[in-house]
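Protein chains in written order, with the working numbering: chain A, 14 to 251; chain B, -16 to 300. The beta carbon of each residue, even a glycine, is placed where N, CA and C say it ideally should be. Worksheet: one structure, shown below.
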Amino acid sequence: MQNIMTIFKKEFKAYFLSPIAYVFITVYLVVTNFLFFQGFFIINQADMRGYFGLLPWIFLFFVPAITMRSWAEEKKVKTLELLLTWPVSDVEVVAGKFLASFCFLGLSILLSLTIPVTIAILGNPDLGPVAGGYLGALLMGAAYLAIGLWVSSLTENQIVAFIVGVVVTFVMFIVGSPFVTMAAPSRLVPVLTYIGLGSHFDSIGRGVIDSRDIVYYLSVISFFLFLNVRSLESRKWE
Amino acid sequence: MSSSNDSIMLEVKNLSKSFGPVRAIRDLNFQVNRGEVFGFLGPNGAGKTTTMRIVTCFMPATSGTVMVDGMPTLEREMDVRRKIGYLPESTPLYNDMKVDEYLTFIGEIRGLRAAALRSRLDEMYAVCGLTKMTGRLIGKLSKGYRQRVGLAQAMLHNPDLLILDEPTSGLDPNQIVEIRQLIKNLGTRKTVIYCSHILSEVSATCSRILIINEGSIVASGTPDELMSRSGRGNRYLARIRADRPRVEPVLAAIPGVSSAGVKSSADGWHVIEIMTSENADIGERIFKQVVDNGWSLAELRHETASLEDVFTQLTRG
């Protein structure tokens, strides 16, 4: 636990040691606020449904940008070779890095809370769906992060990590959407809908917090973190 | 445990490692005693780094065992890691951290806290000459200072076994001397394994040397032992004014000489290379022969086989 905290602190601080964090947060806030307020006054409704509808697509590009560096840079600069000889287990390092990226994403989301605050001032929104939407955003974001981290552990090139991260996340997102399920054999439809990252987000976003959705996200996160640990262990394979 | 085992810091037994069809190291056996500076030598690609990666628990061996301070690396991985300080080749560091940030992080990873961490950090800054650099970004440091940060990283938790992989590569001659001195000082208190492909480097600092090539041990011993084991005998170079046809047979007939040959001639002077069969001191005999034959001697030089010769001889196969 102590080790996870040490790694977490170092990794979280590392985001702010380069300008990337500031650029990232700024762009994230500008884009989300712009996309939200663009339609807000026209529709003239005090809800955030449109906003949460866009969020999976915004995350698609932003989350892999958070994680692309995590392992790829360590591999490229060869610090991984040193990191993995310290008295820290592979699991602890993965957990520390994941927590750090999660807190960074959480911070970005926290700063975007100006949107619901504005809505609450201007109108009288139903807070259930808004709270649900944010919970869903955190869970979905965490799942994206786990995918992004795993992809980053497969390469030493950040750009490759970013692009492959976007692609893998996109595939995980799209398999459950009507676009795919319409064309898929009917027997596969429930499976695909379950696997897809998006459908669970939609139901949480409606304000319905179902334990199945939460279990789904936690399993996706665990699965990709597990793959991440395995990919670190691959150095030990023949 | 018998007392003889307590003096062994690292014990490598029948160690082999394959990467697919490539056998990086084959059946290595060696021991490093407590408190010695041990030179681990070989040309690039000989398997030095692979061996060190196994010892530091970065990856397991295909077969064989490694014991650090009596503990097997596989079963007691974390305990072994705590005993070791490691500086890999190329000194990987987090470039966007400051020196003190980085070393504080290392200290925490090593389980040092508060006052203990503070005092170790101050000691490392002093030992490694980093006191003025603590606030600098690692990425902006010169190669020499990076190396010191790397060394501080390896020594911060006061490890029993210090493994340095090519610690002087890329440094200028002054820095090399400094780092060498630092390692020599350490060697009085710690066990140090010093990997290098530069022989003079190792012979200047190490009490014992192991030479590996293509994954196998080709020689081991003290620098002196290795030199005398070269089996090459000594070489004399003499510049003599003499009549060409006679000089070679006369010199070759001196007891202890295995061969004598003219290497170059100019204005009646011949530079002659005389090889001895064993470590015979034949300078005087050469001189006598020259006098007896009425020749003139302008130069007589005695060359012992250098460690470099031993190294190339052993590793060229």
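Selection from B:A235, B:R222, B:R17 that minimises the alpha carbon distance to G251 of chain B: Residue 251 of chain B sits at position 268 when you count from the first residue of the second sequence. Per the Cα distances, B:R222.
Please state whether DSSP places S(-1) of chain B in a helix, a strand or coil. Here the question's residue -1 of chain B lines up with position 16 in the second sequence. In this structure, S(-1) of chain B counts as strand in the three-state DSSP scheme.
Is F294 of chain B near the ligand MN - that is, is its Cβ less than 7 Å away from at least one heavy atom of it? By its list of ligands, the structure shown contains no ligand whatsoever, and the ligand MN lies outside what it can speak to.
R178 of chain B, enclosing beta strand (DSSP E) - first and last residue: Counting from one through the second sequence, the residue named residue 178 of chain B turns up at place 195. With the sequence shown as reference, residue 178 of chain B is identified as Cys, and Arg is not the correct amino acid for it. Start and end: 174 to 179.
Decide if the segment -12 to -4 of chain B is in contact with the segment 14 to 34 of chain B; the criterion is three or more beta carbon pairs, one per stretch, under 8 Å apart. yes
Which residues share a DSSP beta bridge with N16 of chain B? In the second sequence, the residue the question calls residue 16 of chain B occupies position 33. Answer is B:I(-9).
Under 8 Å by beta carbon: chain A residues contacting M42 of chain B: Position 59 of the second sequence, counted from the start, is the residue given in the question as residue 42 of chain B. The answer, in chain order, is R248, K249.
Count the C-beta pairs between the segment 156 to 168 of chain B and the segment -6 to 2 of chain B that are closer than 8 Å, then say yes if the count reaches three, no if not. no
Are three or more beta carbon pairs between the segment 98 to 112 of chain A and the segment 91 to 101 of chain B nearer than 8 Å? yes
Just the C-alpha distance for L57 of chain B and L93 of chain A, rounded to the nearest angstrom, thanks. For the purposes of this step, residue 57 of chain B is taken as residue 74 along the second sequence, with counting starting at 1. For the purposes of this step, residue 93 of chain A is taken as residue 80 along the first sequence, with counting starting at 1. Cα-Cα distance, rounded: 20 Å.
At 8 Å on the CB atoms, spell out the chain B contacts of E94 of chain A, in chain order. For the purposes of this step, residue 94 of chain A is identified with residue 81 of the first sequence, where counting begins at 1. R36, F41, P71, P75, listed in chain order.
CB T298 of chain B to CB N196 of chain B, shorter than 8 Å? One-based indexing of the second sequence puts residue 298 of chain B at position 315. One-based indexing of the second sequence puts residue 196 of chain B at position 213. Against a cut-off of 8 Å, the Cβ pair of N196 of chain B and T298 of chain B comes out as a contact.
Is P100 of chain A close to chain B, meaning its C-beta is less than 8 Å from at least one C-beta of that chain? Position 87 of the first sequence, counting from 1, holds the residue named residue 100 of chain A. Interface residue, yes.
Pull the bridge partners of F21 of chain B from the DSSP assignment, please. Within the second sequence, the letter at position 38 stands for residue 21 of chain B. Paired residue(s): B:I176, B:R191.
Could you tell me if T45 of chain A is buried or exposed, where buried requires 16 or more neighbouring beta carbons within 10 angstroms of its beta carbon? Sequence index remark: in the first sequence, residue 45 of chain A carries index 32 (1-based). Looking at its Cβ environment, which holds 16 or more other Cβ atoms inside 10 Å, T45 of chain A is buried.
Return helix, strand or coil for Y77 of chain B, following the three-state DSSP convention. Taking the second sequence and counting its residues from 1, one reaches residue 77 of chain B at position 94. Three-state DSSP puts Y77 of chain B in coil, outside helix and strand.
For the alpha helix (DSSP H) that K110 of chain A lies in, which residues bound it at each end? Here the question's residue 110 of chain A lines up with position 97 in the first sequence. K110 of chain A -> alpha helix (DSSP H) spans 103 to 124.
Neighbour flag for S166 of chain A against chain B, beta carbons, 8 Å: Translated into positions along the first sequence, residue 166 of chain A becomes position 153. No, its Cβ sits nowhere closer than 8 Å to a Cβ of chain B.
Is the CB-CB distance between L144 of chain B and T188 of chain B below 8 Å? Reading the second sequence from its first residue, position 161 is the one you call residue 144 of chain B. Reading the second sequence from its first residue, position 205 is the one you call residue 188 of chain B. No; because the gap between Cβ atoms is not below 8 Å, this pair is not in contact.
Can you find a C-beta in chain B that's less than 8 Å from the C-beta of V242 of chain A? Taking the first residue of the first sequence as 1, we reach residue 242 of chain A at position 229. So no, V242 of chain A is outside the interface.
Just to make sure I have the definition right: I need the residues of chain A whose C-beta is within less than 8 Å of the C-beta of N78 of chain B. Which are they? To locate residue 78 of chain B, count along the second sequence from 1; it is residue 95. Those are V90, listed as they occur along chain A.
Can you tell which of B:E256, B:G239, B:R96 has the C-alpha that lies nearest to the C-alpha of S247 of chain B? As a working mapping, residue 247 of chain B is identified with position 264 in the second sequence. Ranking the options by Cα distance to S247 of chain B, first place goes to B:E256.
Segment contact flag, the segment 115 to 132 of chain B with the segment 41 to 56 of chain B, C-beta cutoff 8 Å, min 3 pairs: no
Proximal residues to S(-15) of chain B (C-beta, below 6 Å), its chain only, five neighbours per side dropped: As a first step, residue -15 of chain B must be located in the second sequence, where it is residue number 2. Note that S(-15) of chain B scores 41 on pLDDT, short of 50, meaning its location in the model is unreliable; the coordinates nonetheless yield the value given after this. Contacts found: none.
Looking at the secondary structure, which residues open and close the alpha helix (DSSP H) in which K281 of chain B lies? Start at 1 with the first residue of the second sequence, and residue 281 of chain B comes out as number 298. For the sequence presented, residue 281 of chain B should be read as Ala rather than Lys. Not the alpha helix (DSSP H): A281 of chain B falls in the beta strand (DSSP E), residues 279 to 286.
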